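Protein chains in written order, with my numbering: chain Z, 4 to 115; chain U, 179 to 608.
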């Protein structure tokens with residue numbers, strides 16, 4: 004099993020979700036996150052005082068998937084989240100040892 | 179006074195009352211999430227405290243009959259002897275001015291003033307500064323002609339229709355004194371102290387604008403042409419001030435901001451307050467546009483001089499109020515330098531009035547704040563300030579932003595009894 008984590012632009016979240024559902028994904032965990040990369044932050048001005056705002060709002064999507072699906076899902080996310088501009092985000096995949104469905108106690112692949 | 183006048187003054191009083199909650203939201207939106215309730219409360223509690231003072235002795239101190247030109251009198255404690263539509267509606271109307279003036283000061287004290295100390299400051303400052311200054315400016319004497327018994331500024335010929343000196347210079351000078359006593363907030367200049375809710379700020383500015391028609395047009399104390407003049411001029415100046423502020427921002431910062439539009443409106447309202455019945459509509463546009471631009475620049479003073487006037491009470495109310503009052507020396511249709519024989523007499527009087535009120539208010543506010551600070555402590559502990567004044571001083575938070583943090587267990591009085599009910603003596607339930 005694999006954990007796919009994607010940090011994307013908030014306004015791309017709807018198209019990522021639609022693309023993942025079309026692929027057959029049935030669930031995911033979504034968190035509002037903030038951070039920065041090469042894009043850095045932005046400047047805001049209040050009554051003439053400039054503030055350098057370091058953190059940019061992002062959405063973090065997490066899915067635990069079967070090993071065979073991981074690469075395809077990464078593809079789906081990259082295609083649907085891409086704008087081609089700086090700040091599009093990152094996707095990464097990591098190994099998962101154990102998964103348990105809380106309701107039934109099912110384990111691993113059966114719990115996905 | 180005919181019935182229509184009494185009706186207009188009472189409606190105006192209600193409009194002016196609405197300005198103080200409006201101010202609370204104007205200020206409340208500008209602070210961070212952790213201080214919004216305290217900011218709202220500093221204004222709201224002022225409504226309560228000053229109303230009590232006003233009924234007990236405030237009206238008497240400001241407008242009670244006496245020959246003094248500096249002080250009202252002692253005859254009207256408990257509003258004793260104040261009766262009839264004209265007098266009572268005037269007492270109600272002037273009460274609302276006495277409320278909003280100290281409330282204006284709170285903008286300089288964001289995030290760091292202990293609540294009890296603030297209440298004490300409001301009680302003392304309103305008593306020894308606002309009530310006498312209201313007499314100087316708003317008491318037209320026994321016959322209402324600025325003769326016997328009138329306040330010394332109005333008797334001398336100073337023009338202040340609705341309180342450019344008595345309200346705005348007065349509050350702005352006091353705000354400067356108190357923020358000097360309190361010192362800068364932890365992290366000032368380093369931490370981004372961004373407004374947490376700019377829509378609140380605009381909403382508050384809109385409520386202020388709406389209520390200000392009562393403030394300015396109501397100061398005619400009659401439903402007549404003077405009131406209508408003040409009404410039109412108030413609108414003209416405020417609109418021009420929004421434009422003035424936004425032009426400065428567009429040129430200096432690149433973008434016109436929502437906060438700037440709201441601030442410009444308030445700057446224009448402040449500046450036209452002393453002038454609204456004495457200038458032409460075009461004169462009002464001039465005062466407004468210049469006040470908007472001037473205040474947009476003046477709010478930068480605190481960075482240069484290093485005082486933490488958190489929400490720019492000095493930059494908007496002291497500067498705007500002084501500008502509007504002094505501008506009358508040029509633009510007043512009766513006595514202004516541009517209209518009346520090039521005589522600078524009015525200009526001199528207006529300047530003296532601004533300086534007199536500013537000096538009196540600044541000096542006494544400084545002493546009051548220092549004494550309160552020495553006796554009970556005005557400034558919040560640093561740890562509480564960083565954690566947030568709402569929690570430290572009110573045991574509340576403004577918003578429940580995260581559902582996971584929304585739980586908790588009720589404790590203290592009224593909490594559900596979690597333990598099993600007590601059983602009769604000697605037997606213990608299994």
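From the three backbone atoms N, C-alpha and C, an ideal C-beta is built for every residue, glycine too.
Source: prediction; values computed, not measured.
Expected contact under 8 Å - CB spacing of residue i and residue j to nearest Å
i	j	result
residue 446(U)	residue 470(U)	6 Å
residue 315(U)	residue 536(U)	About 13 Å; that fails the 8 Å criterion.
residue 84(Z)	residue 74(Z)	Contact flag wrong, Cβ pair sits at about 16 Å.
residue 288(U)	residue 489(U)	6 Å
residue 364(U)	residue 491(U)	Incorrect: roughly 20 Å between the Cβ atoms, too far for contact.
residue 394(U)	residue 340(U)	5 Å
residue 617(U)	residue 251(U)	In the structure displayed, chain U extends from 179 to 608; residue 617(U) sits before or after that span and is not available.
residue 568(U)	residue 216(U)	6 Å
residue 224(U)	residue 300(U)	6 Å
residue 254(U)	residue 242(U)	4 Å
Coarse secondary structure for residue i, derived from DSSP in three states
i	result
residue 377(U)	helix
residue 55(Z)	strand
residue 46(Z)	strand
residue 65(Z)	strand
residue 480(U)	helix
residue 587(U)	coil
residue 60(Z)	strand
residue 557(U)	strand
residue 186(U)	helix
residue 421(U)	helix
residue 244(U)	coil
residue 194(U)	helix
residue 307(U)	helix
residue 224(U)	helix
residue 452(U)	coil
residue 608(U)	For residue 608(U), the pLDDT reaches just 45, beneath the cut-off of 50, and the residue's location in the model is therefore unreliable, leaving the point undetermined.
residue 578(U)	coil
residue 258(U)	coil
residue 692(U)	Look at the range of chain U in this structure, 179 to 608, and you will see that residue 692(U) is not part of it.
residue 515(U)	coil
residue 314(U)	helix
residue 440(U)	helix
Residue i: first and last residue of the uninterrupted alpha helix (DSSP H) it sits in
i	result
residue 552(U)	523-553
residue 33(Z)	Unbroken run through residue 33(Z) is the beta strand (DSSP E), 32-38; no alpha helix (DSSP H).
residue 11(Z)	No alpha helix (DSSP H) contains residue 11(Z), which is instead part of the beta strand (DSSP E) from 5-11.
residue 302(U)	293-303
residue 236(U)	Per DSSP, residue 236(U) belongs to no alpha helix (DSSP H) and is neither H nor E.
residue 105(Z)	Per DSSP, residue 105(Z) belongs to no alpha helix (DSSP H) and is neither H nor E.
residue 82(Z)	73-84
residue 508(U)	497-509
residue 571(U)	567-572
residue 277(U)	262-283
residue 350(U)	348-360
residue 213(U)	Here residue 213(U) belongs to no alpha helix (DSSP H), and DSSP marks it neither H nor E.
residue 20(Z)	16-26
residue 330(U)	330-334
Residue span of the beta strand (DSSP E) that contains residue i, given as start and end
i	result
residue 98(Z)	92-98
Nearest-angstrom Cα separation, counted from residue j out to residue i
i	j	result
residue 182(U)	residue 423(U)	38 Å
residue 475(U)	residue 295(U)	32 Å
residue 590(U)	residue 317(U)	52 Å
residue 436(U)	residue 56(Z)	18 Å
residue 95(Z)	residue 8(Z)	5 Å
residue 326(U)	residue 229(U)	28 Å
residue 323(U)	residue 204(U)	37 Å
residue 202(U)	residue 4(Z)	55 Å
residue 206(U)	residue 539(U)	25 Å
residue 397(U)	residue 451(U)	10 Å
residue 308(U)	residue 188(U)	22 Å
residue 21(Z)	residue 61(Z)	18 Å
residue 185(U)	residue 272(U)	15 Å
residue 607(U)	residue 108(Z)	Model confidence at residue 607(U) stands at a pLDDT of 48, short of 50, so the residue's coordinates are unreliable; what they give is reported in the following sentence. In a straight line, the C-alpha of residue 607(U) is about 36 Å away from that of residue 108(Z).
residue 375(U)	residue 443(U)	18 Å
residue 362(U)	residue 286(U)	10 Å
residue 176(U)	residue 321(U)	As shown, chain U starts at 179 and ends at 608. That puts residue 176(U) outside it, with no answer to give.
residue 413(U)	residue 76(Z)	60 Å
residue 523(U)	residue 378(U)	43 Å
residue 213(U)	residue 566(U)	6 Å
residue 219(U)	residue 518(U)	47 Å
Residue i: CB within 6 Å of a non-hydrogen atom of the ligand GDP
i	result
residue 265(U)	Only the bare structure without any ligand can be found here, which leaves the ligand GDP out of the picture.
### Task
Examine the Cβ distances between the stretch 358-366 of chain U and the stretch 268-277 of chain U and report whether three or more of them are shorter than 8 Å.
no
### Message
Between the stretch 102-115 of chain Z and the stretch 33-43 of chain Z, can you find at least three pairs of beta-carbon atoms closer than 8 Å?
### Response
Counting Cβ pairs under 8 Å, fewer than three are found: no touch.
### Message
With three or more C-beta pairs closer than 8 Å as the rule, is the stretch 447-455 of chain U touching the stretch 398-413 of chain U?
### Response
yes
### Contact between the stretch 16-30 of chain Z and the stretch 97-105 of chain Z (3+ Cβ pairs under 8 Å)
no
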